[in-house]
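Novice:
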Amino acid sequence: DDVVSTQDATAAGDKKPPLVLVVEDEIDLLQVLCLLLETRCHCRVLPAETGAEAVYLARRHRPDLVLLDLILPDINGWEVARLMREDPNLAATPIVAVSEHCWEMELRQRAEAAGCSDCVHKSRIVDTLPQVYAQYVKSG
5 DDVVSTQDAT
15 AAGDKKPPLV
25 LVVEDEIDLL
35 QVLCLLLETR
45 CHCRVLPAET
55 GAEAVYLARR
65 HRPDLVLLDL
75 ILPDINGWEV
85 ARLMREDPNL
95 AATPIVAVSE
105 HCWEMELRQR
115 AEAAGCSDCV
125 HKSRIVDTLP
135 QVYAQYVKSG
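Counting in the working numbering, the sequence shown runs from 5 upward without gaps.
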């Protein structure tokens with residue numbers, strides 16, 4: 005299974021915790037974000053290092069939230085967001101762009117035009133991750 009999680013449903017009938025797809029090619033940041041999501045937000049995480057992997061995993065697992073680096077080694081984050089938005093099963097999934105360039109208006113506008121719900125600067129994502137998660141993932 006592709007999903008990485010230390011959190012399991014506590015009783016047989018319990019709903020699974022929300023699933024977050026984290027798309028980041030910087031391995032250290034990817035690991036930190038996944039760990040923080042599991043420990044602070046108590047969700048399941050699905051890591052991806054490339055845009056192609058992200059699109060495949062999103063279509064296969066239908067995450068509740070996508071954290072998407074815009075600069076990836078294969079296809080860029082704008083294209084990843086566009087491909088996800090074209091899929092009816094992913095059209096309403098929140099996609100939060102995570103980039104060092106989110107303060108640049110043109111790039112924010114490109115992210116929004118591609119279907120991103122928000123754009124968070126990489127330098128702030130670790131500190132704001134619980135708030136970003138709570139804003140876009142419905143609990144219960």
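For every residue, glycine included, the Cβ atom is placed at its ideal position computed from N, Cα and C.
Measure the alpha-carbon distance for leucine 74 versus asparagine 80 and round it to whole angstroms.
Specialist: 6 Å
Novice: Is serine 127 buried or exposed, if buried means 16 or more other CB atoms sit within 10 Å of its CB?
Specialist: exposed
Novice: For alanine 85, which of helix, strand or coil comes out of DSSP?
Specialist: Three-state DSSP puts alanine 85 in a helix.
Novice: Do you know offhand how far aspartate 12's Cα is from arginine 44's?
Specialist: Because aspartate 12 sits at a pLDDT of 45, beneath the cut-off of 50, its placement in the model cannot be relied upon, and the point is left open.
Novice: Which whole runs of the alpha helix (DSSP H) in the stretch 21-75 are 4 residues long or more, in chain order?
Specialist: 31-44, 55-65
Novice: Anyone know if the C-beta pair for leucine 179 and valine 27 falls short of 8 Å?
Specialist: Because the chain in this structure spans residues 5 to 144, residue 179 falls outside the shown range and cannot be described.
Novice: Which value, in whole angstroms, describes the spacing of the CA atoms of valine 100 and lysine 19?
Specialist: 24 Å
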